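First up is the structure itself, then whatever we jot down about it.
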Amino acid sequence: MSQGYFTVSEQTENVIVIERSKFICNVKGVKDEDEAKDFIDSIRKKYSLANHNCYAYIADDKGLVQKFSDDGEPQGTAGLPMLEVLRNKRMYKTIAVVTRFFGGIKLGTGGLTRAYGGSVSEVLGKAKISDMQPAILFKLTLEYDLYSHLLKYLTKQNVAIIDTQFENSVTVNFAIKKEQETAFLKGVADTFNGKLCAERVTEQFFAF
2 MSQGYFTVSE
12 QTENVIVIER
22 SKFICNVKGV
32 KDEDEAKDFI
42 DSIRKKYSLA
52 NHNCYAYIAD
62 DKGLVQKFSD
72 DGEPQGTAGL
82 PMLEVLRNKR
92 MYKTIAVVTR
102 FFGGIKLGTG
112 GLTRAYGGSV
122 SEVLGKAKIS
132 DMQPAILFKL
142 TLEYDLYSHL
152 LKYLTKQNVA
162 IIDTQFENSV
172 TVNFAIKKEQ
182 ETAFLKGVAD
192 TFNGKLCAER
202 VTEQFFAF
């Protein structure tokens with residue numbers, strides 16, 4: 002699994018005005034490329050009277066699925082500067098769309114590049130960002146008399162508890178950072194004298 006990345010937790014919009022042109026930037030975290038394309042379509046419908054709806058996205062967790070569009074702006078002045086911001090900030094599984102309502106004054110290629118790249122940088126500055134780290138998801142099943150002890154132990158270990166099921170026994174699903182796996186498993190074995198055995202469920206990125 003590759004190193005961690007960042008993504009947008011909640012869709013965020015920001016507006017800047019440059020020489021009477023209005024630039025509306027929307028960013029959103031996405032699961033895959035299909036969701037990114039759906040978001041682009043939704044912004045185009047919302048701002049159907051705009052002169053341009055330019056976009057850039059990185060739709061996977063490795064930074065390999067990338068696409069951008071200048072949507073009628075001079076080549077290289079809109080989508081690519083937007084994509085560069087996402088790349089530089091390691092904003093993966095993220096889509097950015099900048100809508101432009103032309104104000105009558107031409108900005109030139111340099112001005113457009115700064116406007117589109119700056120729009121993305123500014124909206125990311127106000128967006129809620131999740132730090133996605135390589136993680137291991139575990140499941141632990143135990144008797145009720147050990148539950149409070151386990152809860153205290155997990156809290157000290159910087160473990161993220163995902164959910165807990167209370168049935169005939171207690172099942173706790175949780176995530177730990179991948180780098181902690183060996184030390185964590187040894188700690189569980191030592192602390193509970195071999196009474197508990199954590200079941201490794203899957204490996205994925207997780208926001209701690």
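Numbering-wise (my numbering), the sequence shown opens with residue 2 and increments by one. Note that CB positions come from ideal geometry on N, CA and C, so glycine has one too. On a predicted model such as this, the values are computed, not experimentally measured, just so you know.
According to DSSP, residues forming a beta bridge with residue i
i      : result
Asn54  : Thr100
Asp164 : Asn174
Leu138 : Ala176, Thr203
Phe7   : Met92, Asp132
Leu143 : Val171
Ala208 : Met133
Distance cut-off 6 Å: residue i Cβ against heavy atoms of the ligand NAD
i      : result
Lys196 : This structure does not include the ligand NAD; it has no bound ligands of any sort.
C-beta atoms of residue i and residue j nearer than 7 Å
i      : j      : result
Leu81  : Phe69  : yes
Gly1   : Glu20  : The chain is shown only over 2 to 209; residue 1 falls outside these bounds and no answer can be derived.
Val124 : Cys55  : no
His53  : Arg115 : no
Ala161 : Phe206 : no
Ala97  : Met83  : yes
Gln134 : Gly5   : yes
Ile130 : Phe7   : yes
Lys9   : Glu34  : According to the sequence provided, residue 9 is Val. The question's Lys does not apply to it. Their beta carbons are not under 7 Å apart, which means Val9 does not touch Glu34 by this criterion.
Tyr48  : Ala79  : no
Asp113 : Glu74  : Strictly speaking, residue 113 in this sequence is Leu, with Asp absent from that position. Yes; because the gap between Cβ atoms is below 7 Å, this pair is in contact.
Leu90  : Ala136 : Per the sequence shown, the amino acid found at residue 90 is Lys instead of Leu. Taking 7 Å as the Cβ cut-off, Lys90 and Ala136 do not qualify as a contacting pair.
Residue from the options whose Cα sits closest to the Cα of residue i
i      : options                        : result
Ala128 : Arg91, Ser43, Ala161, Thr13    : Thr13
Thr192 : Glu204, Asp33, Tyr154          : Tyr154
Lys29  : Glu74, Asp72, Tyr93            : Tyr93
Val173 : Tyr145, Ala184, Ala190         : Tyr145
Thr156 : Gln166, Ile177, Ser170, Asn169 : Ile177
Lys63  : Lys187, Lys38, Thr95           : Thr95
Phe24  : Asp71, Tyr48, Val99            : Val99
Lys187 : Gly112, Gln158, Gln76          : Gln158
Lys38  : Tyr58, Ser49, Glu85            : Tyr58
Val210 : Asn15, Glu11, Glu74, Leu50     : There is simply no residue 210 to check, as the chain begins at 2 and stops at 209 in what is shown.
Thr203 : Val121, Asp164, Phe175, Phe185 : Phe175
Ile17  : Ser122, Ser43, Phe167          : Ser122
Gln76  : Thr165, Asn15, Arg45, Gly111   : Gly111
At least 3 beta-carbon pairs within less than 8 Å: the stretch 107-117 vs the stretch 139-158: no
Cβ pair count under 8 Å reaching 3, the stretch 198-205 against the stretch 138-146: yes
Ranges of the beta strand (DSSP E) found wholly within the stretch 14-71, counting only runs of at least 3: 22-30, 53-59, 67-70
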